[in-house]
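Below is one structure, written out as structure tokens; comments come after it.
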Amino acid sequence: MLRKVNMIALCTLLGAASVPAQATDLGSLLGSAEKEASNLLEGVSSETASNPLTSLLSTDLGVDDKQAAGGAGALLAMAYQTLGEGQSSELLKMVPGMDSLTSMIPGDLGSNLSNMESVDKVFNMLGMDSGMVQKFAPVILKHLTGAGASESLISDLASAWGTPA
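Per mature numbering (1 follows the signal peptide of the UniProt record, and there is no 0): the sequence shown = residues -23 to -1, 1 to 142.
And the structure:
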């Protein structure tokens, strides 16, 4: 028993000694956290900017990368929640980096997107009117069709988004 306690104490001591002291006060700790968050957002932004779907939407519709990613993310998140398990899996395979697109949805609304009204709200928060939803949907469907999505997935997405396939 004493041997276990000594080993735990030794491991704890070695662990504490190996942790670098980066922050000497609360201000530098907060500054460090802010820098980490900024770096994380830059990584997400560069990932969404390099996403082929984001690039396509930006080029075809004249929206910025954040609007393209957030708008696509809103439509895809809503569809993901309404599709069956098989089609949801196919959608994830068809849209690499879908998580980075949905991370651009403002106000943590991604998990609450269950209908087109909620998608419209996201578009409004991104500075786009709800009419842009009907411009995004055909571009996304065309992209997914070109990527080899099944006809049933395209049909169900078009139905969920209220747009012709």
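Backbone N, C-alpha and C fix where the C-beta goes; we use that ideal spot for every residue, glycine too.
Query                                                                                                                                                                          : Result
Need the endpoints of the alpha helix (DSSP H) that residue 99 sits in, please.                                                                                                : 93 to 102
Would the C-beta of residue 106 count as close to the ligand HEM, meaning under 6 angstroms from any of its heavy atoms?                                                       : Only the bare structure without any ligand can be found here, which leaves the ligand HEM out of the picture.
Among 97, 38, 75, whose alpha-carbon lies nearest the alpha-carbon of residue 121?                                                                                             : 75
Out of 49, 110, 35, state which residue places its alpha-carbon closest to the alpha-carbon of residue 72.                                                                     : 49
Can you give me the C-alpha to C-alpha distance between residue 113 and residue 34, rounded to a whole angstrom?                                                               : 7 angstroms
So, for residue 53: in the same chain, excluding its five sequence neighbours on each side, which residues have a beta-carbon less than 8 angstroms away from its beta-carbon? : 68, 72, 75, 78, 79, 117
Pick out whichever of 139, 40, 45, 36 has its Cα sitting closest to the Cα of residue 94.                                                                                      : 139
Return yes when the Cβ of residue 31 is within less than 7 angstroms of the Cβ of residue 45, no when it is not.                                                               : yes
Rounded to whole angstroms, what's the CA-CA distance from residue 64 to residue 136? Just pull it up for me.                                                                  : 14 angstroms
Using the C-alpha atoms, what's the distance from residue 104 back to residue 66?                                                                                              : 30 angstroms
Would you mind sorting residue 61 into buried or exposed? The rule is 16 or more other CB atoms within 10 Å of its CB.                                                         : exposed
Can you tell me the Cα-Cα spacing of residue 134 and residue 111, whole angstroms?                                                                                             : 12 angstroms
How is residue 47 classed by DSSP in three states: helix, strand or coil?                                                                                                      : helix
Along the chain, where does the alpha helix (DSSP H) that runs through residue 115 open and close?                                                                             : 110 to 123
Looking at residue 142: is its Cβ nearer than 7 angstroms to the Cβ of residue 132?                                                                                            : yes
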